[in-house]
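Numbering (our numbering), first residue to last: 786 to 928.
The structure is reproduced here in structure tokens:
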């Protein structure tokens, strides 16, 4: 049975999220996530979708000045199964519970339709992120 639960920064489950993010979001670009600094995630909300002990997907939301989805990643074999939507809804609910009025994110252009179907509006021209050098757009959604 699938469940979504918080993941503690630095835990074994957290390290699994790095491996999943590397496999899905960095290796296909010829990059290695292990060269990046994730210390800022100590202050972020990290949640995972699990089936038994298997990590299916991960969401990371920062909440300093604004609430922002930093990562939303689902295992390749499970994309399109609703896991990403569940993780996104959970992060939106968490932000709203903490008084958030808007959720922000930078989406890969290839994921833009996924977010648009969930009420996100594009708020920028296409740009390239240094850590993921593919086309992105800024998006936001009122909560």
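The C-beta atom is built at its ideal place from N, Cα and C for all residues, glycine as well. Source: prediction; values computed, not measured.
- Here residue 902 is exposed: its Cβ has fewer than 16 other Cβ atoms, across all protein chains shown, within 10 Å.
- Leaving aside the five residues that flank residue 831 on each side, the residues in its chain whose CB is nearer than 6 Å to its CB run, in chain order, 792 and 845.
- Here the alpha carbons of residue 837 and residue 825 stand approximately 28 Å from one another.
- The beta carbon of residue 855 sits closer than 6 Å to the beta carbons of 845 and 847 from its chain, once the five residues preceding and following it are set aside; these are given in chain order.
- Secondary structure at residue 864: coil, using DSSP grouped into helix, strand and coil.
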